[in-house]
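This report concerns only the one structure given below.
Protein chains: 2
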Amino acid sequence: MTLPRIAVDAMGGDEGVRVMVEGAALARRQHADFQFLLVGDQPRIEAALENHPGMRGASEILHCDDVVGGDELPSRAMRRAKTTSMGLAVNAVKTGAAGAAVSAGNTGALMAMSKIALRTLPGIDRPALAAIMPTLQAHDVVMLDLGANTEADARNLVQFAVMGAAYSRIVNGFERPVVRLLNIGTEEIKGTEELRDAAAMLTAASARTDGGLALEFDGFVESDKINRGETHVVVTDGFSGNIALKAIEGSARFVTDLLRQAFTSSLRSKVGFLVSRPATELLKHHLDPNNHNGAVFLGLNGVVVKSHGSANAKGVANAVAVAARLLENKLTERIAHDLGALGQDALGRNGKARGDNGSEAAA
Amino acid sequence: MTLPRIAVDAMGGDEGVRVMVEGAALARRQHADFQFLLVGDQPRIEAALENHPGMRGASEILHCDDVVGGDELPSRAMRRAKTTSMGLAVNAVKTGAAGAAVSAGNTGALMAMSKIALRTLPGIDRPALAAIMPTLQAHDVVMLDLGANTEADARNLVQFAVMGAAYSRIVNGFERPVVRLLNIGTEEIKGTEELRDAAAMLTAASARTDGGLALEFDGFVESDKINRGETHVVVTDGFSGNIALKAIEGSARFVTDLLRQAFTSSLRSKVGFLVSRPATELLKHHLDPNNHNGAVFLGLNGVVVKSHGSANAKGVANAVAVAARLLENKLTERIAHDLGALGQDALGRNGKARGDNGSEAAA
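Shown next as structure tokens:
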């Protein structure tokens, strides 16, 4: 079977066409069967392709003039779904012209367009934004939701757990990923009612002996343990997830900035730094977001991957590879299957989420 | 005027009596006028005092047999407020036997006992837990609430802003600290209704020309910017604050763990590490929580400082020094004054917090 091609929003991201095309070409160097639908300004895409002759035969160009702005309100961008590179890339997944879409553009607009065009899977009330982060172990940790919704009820959180586990199985190969709910303590009484209800629902579903639920629910996790690697999937609402993700990023940058200050503070430490460069390069590799690029919208009828706005070609290549891997491993079908295995009973409580900042919420 | 003495819960914390007494002694070496009420097991306190002869004349011992357990439910601990070292230390502030209390014990229990014994200041609906964290600048950043309440309405957030600003003025000396609300984006439309309402109230109060509000409200801040130092006070609900604080701690530990792995991975990098040791010591100093120890319960009729459970003597000394500084600078009176200056108008919207996990919430 040939892998369905991947639609790339060539206009999104801080670096634009050149980096998006270079990233796609880089991905194709590792996976020669990748095919692309490059969406955006044809002359600029063609110019970028000149540096990557191998890409010519593997790519079709879908021309459009319009681009979603980085600061544009999602509600505004959505009205131009039929004319923008982002909207057309997502639409290609809907029509089957592509199997997955990758964009480095405005997250909120991409989420909104994807929701409208692809709709949520049966049994999913809300999609979620998931990303992988490095840990002290060999595998990465999956965290969701990172900002698709500002709030989540117990039912949403259970669905996020199922979606995150399916994602973790594909990217990390765990049979039954260890799933925990992000909370401000690990005791059962901690946190909000939504968290305690979701924990009860997941515990009950985990205890079933028919093995229907392909995850191991193990209670709560605090945010200082996210990067330890003992948890494979961290489930939370979009507000807390966004706060945790950015706090982790900011703190890592803070420490490396301090380190840089420290290393350049004296001649002795400058010498030390040069001698230990291989060590600090290893650190840099672990912390470089381009090595963990590609946030995924889970819960939709189709695969949409958000590449970081400031990702370089390597980062874009990673996002493309993630999209291809999720396609190949039938992410969407797996989530649908797992939801069925979970049973409607476990989700029977007709919880209502308290707020949906939806399309404007993603950061 | 003599500084009122400080009640120290000598039994709290992972290390117990020895470290608490050593910490108090260390604080007194820098501030010879400090006086203590040491609460706990008299024989053990006396044994610890033998190493610190100077402390004898500056300390009174209040004996008790009972101790609050580290994992004990706050609701359970509260019933023993009259017999435990923690309860008696807080009660000493209530009766005036001490001016402030310091404990390294169970945070939730300390919060619950303090709330009941000291009650909130007039105009404060809920107290908050505040801590200071290092930044890239010379000053620290104050963040609150860190877990006293799991949720906060707009009115609570405005009160937290006033309390945090008073704290920042005392510990960092800013005339008008820059205050921002923690959110998942900086645009006005981002986040929850509570955040947008609080922003509107603080903007209106900041714009008043009578200069009543001794803070500069500057909108939203994302969690990756907390440690940049551009914001002096970060205001949030207790759930998000706890998530952000622990994510920052965990990420800093993750990076330093990676660094340790990297530095010990080869002989070359080991040599480099030794040569650059002064630089990494500087880093360690910045990140050592003992240099930033002492979370404060703000909004009560009295000063209560929570020392980290695993703090060493230096950390305890810092917590004691923070307590003394807040006493000396009349934190409580300042908050009361600022609330008056804010005016009841700004808080007139009778918002109701959506949940109070109160005494069980603090982590």
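From first to last, the protein sequence lines are chains L and Y.
Heads up, the first sequence is in the UniProt record's numbering, so the first residue is 1 and it goes up one at a time.
Heads up, the second sequence is in the UniProt record's numbering, so the first residue is 1 and it goes up one at a time.
For glycine and all other residues, C-beta sits at the position ideal for the given N, C-alpha and C.
Query raised in the report: Is GLY69/Y closer than 8 Å to ALA148/Y when the C-beta atoms are compared?
Result: Taking the second sequence and counting its residues from 1, one reaches residue 148/Y at position 148. Taking the second sequence and counting its residues from 1, one reaches residue 69/Y at position 69. Not a contact, by the Cβ cut-off of 8 Å.
Query raised in the report: For residue 384/Y, which three-state DSSP category applies?
Result: Here chain Y covers residues 1 to 363 and nothing more, so residue 384/Y does not appear.
Query raised in the report: How close, in whole Å, do the beta carbons of VAL39/Y and VAL304/Y come, if the pair is a contact with beta carbons under 8 Å?
Result: By one-based count along the second sequence, residue 39/Y stands at place 39. By one-based count along the second sequence, residue 304/Y stands at place 304. Not quite, the Cβ-Cβ distance comes to about 13 Å (not below 8 Å), so this is no contact.
Query raised in the report: Of all the CB atoms in chain L, is at least one closer than 8 Å to the CB of ALA244/Y?
Result: For the purposes of this step, residue 244/Y is taken as residue 244 along the second sequence, with counting starting at 1. Yes, because at least one Cβ of chain L sits closer than 8 Å to the Cβ of ALA244/Y.
Query raised in the report: Counting only beta-carbon atoms, is GLY250/Y nearer than 8 Å to chain L?
Result: What you label residue 250/Y is simply residue 250 of the second sequence in a count that begins at 1. Judged by the 8 Å Cβ criterion, GLY250/Y is in contact with chain L.
**Report entry** Alpha carbon of GLN30/L to alpha carbon of ALA317/L, nearest angstrom
**Finding:** Here residue 30/L is taken as the residue at index 30 of the first sequence, counted from 1. Here residue 317/L is taken as the residue at index 317 of the first sequence, counted from 1. Whole-angstrom Cα-Cα distance: 9 Å.
Query raised in the report: Name the chain L residues whose beta carbon is nearer than 9 Å to that of ILE45/Y?
Result: Reading the second sequence from its first residue, position 45 is the one you call residue 45/Y. Chain L residues near ILE45/Y: none, gap ~31 Å exceeds 9 Å.
**Report entry** Cutoff 8 Å: LYS82/Y Cβ touching any chain L Cβ
**Finding:** Within the second sequence, the letter at position 82 stands for residue 82/Y. Taking Cβ atoms only, chain L never reaches closer than 8 Å to LYS82/Y, which makes this a no.
Report task. Leaving out five residues on either side along the sequence, give the residues of the same chain with a beta carbon under 7 Å from the beta carbon of LYS82/L. Result -> Taking the first residue of the first sequence as 1, we reach residue 82/L at position 82. Around LYS82/L: no qualifying Cβ.
Query raised in the report: In the region 157–236 of chain Y, which residue ranges form an unbroken beta strand (DSSP E) of at least 3 residues, counting only runs that do not cross its ends?
Result: 178–182, 216–221, 233–235
**Report entry** Partner residues on chain Y for LEU258/L, Cβ-Cβ distance less than 7 Å
**Finding:** Your numbering for residue 258/L matches position 258 in the first sequence. In chain order: LEU283, HIS286.
Requested in this report: Could you name the residues of chain L that ASN227/Y contacts, counting a contact when the two beta carbons are closer than 8 Å?
Outcome: Translated into the one-based positions of the second sequence, residue 227/Y becomes position 227. Ordered by position in chain L, the residues that pass the 8 Å Cβ test against ASN227/Y are GLY250, SER251, PHE254.
Requested in this report: Please confirm if GLY358/L has its CB atom under 8 Å from at least one CB of chain Y.
Outcome: The residue labelled residue 358/L in the question sits at position 358 within the first sequence. At GLY358/L the pLDDT is 38, less than 50, meaning the model places this residue with poor confidence and gives no usable figure here.
Requested in this report: Would you list, in sequence order, the uninterrupted alpha helix (DSSP H) runs of no fewer than 4 residues that lie entirely inside the region 102–145 of chain L?
Outcome: 107–118
Query raised in the report: Between ALA363/Y and the rest of its own chain, which residues show a CB-CB distance below 7 Å, the 5 nearest in sequence each way excluded?
Result: In the second sequence, the residue the question calls residue 363/Y occupies position 363. Summary for ALA363/Y: the model assigns pLDDT 37, below 50, so the residue's position carries little reliability; its value from the coordinates is reported in the next sentence. Around ALA363/Y: THR107, GLY147, ASN242.
Report task. Compare the C-beta of GLY191/Y against all C-beta atoms of chain L and say whether one is closer than 8 Å. Result -> On the second sequence, residue 191/Y is found 191 positions in, with the first residue counted as 1. Interface residue, yes.
Query - Cβ contact (3+ pairs, closer than 8 Å) linking the region 127–141 of chain Y and the region 224–239 of chain Y - result: yes
Query raised in the report: Counting along the chain, where does the alpha helix (DSSP H) carrying HIS337/Y start and finish?
Result: If you number the second sequence from 1, residue 337/Y lands on position 337. Looking at the DSSP string, the run of the alpha helix (DSSP H) that includes HIS337/Y is 331–342.
Query raised in the report: For the putative contact between PHE220/Y and LEU202/Y, defined by C-beta atoms under 8 Å, what is the C-beta separation to the nearest angstrom?
Result: Translated into the one-based positions of the second sequence, residue 220/Y becomes position 220. Translated into the one-based positions of the second sequence, residue 202/Y becomes position 202. Not really, about 11 Å apart at Cβ, beyond 8 Å.
Query - Bridge partner(s) assigned by DSSP for PHE36/L - result: Counting from one through the first sequence, the residue named residue 36/L turns up at place 36. ILE6/L, SER59/L, per the DSSP bridge assignment.
**Report entry** Rounded separation between VAL21/L and ALA166/L - CA only
**Finding:** Reading the first sequence from its first residue, position 21 is the one you call residue 21/L. Reading the first sequence from its first residue, position 166 is the one you call residue 166/L. In a straight line, the C-alpha of VAL21/L is about 29 Å away from that of ALA166/L.
Query raised in the report: On the premise that LEU283/L lies in contact with ALA313/Y, defined as a C-beta separation below 8 Å, what is that separation, rounded to the nearest angstrom?
Result: On the second sequence, residue 313/Y is found 313 positions in, with the first residue counted as 1. On the first sequence, residue 283/L is found 283 positions in, with the first residue counted as 1. Wrong, their Cβ atoms sit about 32 Å apart, outside the cutoff.
Requested in this report: Can you tell me which of MET78/Y, VAL102/Y, HIS139/Y, GLY12/Y puts its alpha carbon nearest to the alpha carbon of ALA117/Y?
Outcome: By one-based count along the second sequence, residue 117/Y stands at place 117. When only C-alpha atoms are compared, the closest one is MET78/Y.
**Report entry** ALA47/Y, enclosing beta strand (DSSP E) - first and last residue
**Finding:** Counted from its first residue, the second sequence places residue 47/Y at position 47. Premise fails: ALA47/Y lies in the alpha helix (DSSP H), 42–49, not in any beta strand (DSSP E).
Report task. Return helix, strand or coil for ASP153/Y, following the three-state DSSP convention. Result -> Residue mapping note: residue 153/Y aligns to position 153 of the second sequence, counting from 1. Correct three-state label for ASP153/Y: coil.
Query raised in the report: What is the DSSP secondary structure of ASP66/L, reduced to helix, strand or coil?
Result: For the purposes of this step, residue 66/L is taken as the residue at position 66 of the first sequence. Here ASP66/L sits in strand by DSSP.
Report task. Would you kindly report the start and end of the unbroken alpha helix (DSSP H) that includes ALA148/L? Result -> Working through the first sequence from its first residue, we reach residue 148/L at position 148. Neither: ALA148/L is in no alpha helix (DSSP H) and is coded neither H nor E.
Query raised in the report: The beta strand (DSSP E) with ALA295/Y in it runs from where to where?
Result: Translated into the one-based positions of the second sequence, residue 295/Y becomes position 295. Per DSSP, ALA295/Y belongs to the beta strand (DSSP E) from 295–298.
**Report entry** CA-to-CA distance, ASP65/L to ALA97/L, given in whole angstroms
**Finding:** Here residue 97/L is taken as the residue at index 97 of the first sequence, counted from 1. Here residue 65/L is taken as the residue at index 65 of the first sequence, counted from 1. If you take the alpha carbons of ALA97/L and ASP65/L, they lie about 20 Å apart.
Requested in this report: Please check if any C-beta of chain L sits within less than 8 Å of the C-beta of PHE36/Y.
Outcome: Here residue 36/Y corresponds to residue number 36 of the second sequence, with the count starting at 1. No - not a single Cβ of chain L is within 8 Å of the one on PHE36/Y.
Query raised in the report: Going along chain L in order, which residues have a C-beta closer than 8 Å to the C-beta of THR150/Y?
Result: Counting from 1 along the second sequence, the entry for residue 150/Y is found at position 150. Within 8 Å Cβ-Cβ: ILE184, GLY191, THR192.
Query raised in the report: Are the Cβ atoms of GLY294/L and SER307/L separated by less than 8 Å?
Result: Taking the first sequence and counting its residues from 1, the one referred to as residue 294/L is at position 294. Taking the first sequence and counting its residues from 1, the one referred to as residue 307/L is at position 307. Yes, the Cβ-Cβ distance between GLY294/L and SER307/L is below 8 Å.
**Report entry** heavy atom of the ligand SAH below 7 Å from ASP41/Y C-beta
**Finding:** Absence of the ligand SAH is noted for the structure shown, with no ligands found whatsoever.
Query raised in the report: Relative to the C-alpha of VAL233/Y, which residue among PHE160/Y, LEU339/Y, ARG18/Y is closest?
Result: Residue numbering aside, residue 233/Y sits at position 233 when the second sequence is read from its first letter. Among PHE160/Y, LEU339/Y, ARG18/Y, the Cα nearest to that of VAL233/Y belongs to PHE160/Y.
Report task. Could you check the C-alpha separation between HIS292/L and GLU193/Y for me, to the nearest Å? Result -> Residue numbering aside, residue 292/L sits at position 292 when the first sequence is read from its first letter. Residue numbering aside, residue 193/Y sits at position 193 when the second sequence is read from its first letter. HIS292/L and GLU193/Y: Cα-Cα distance of roughly 33 Å.
**Report entry** Residues of its chain near THR236/Y, where Cβ-Cβ distance is below 6 Å and the 5 sequence neighbours each way are ignored
**Finding:** The residue labelled residue 236/Y in the question sits at position 236 within the second sequence. Excluding positions up to five away in sequence, the list reads LEU182.
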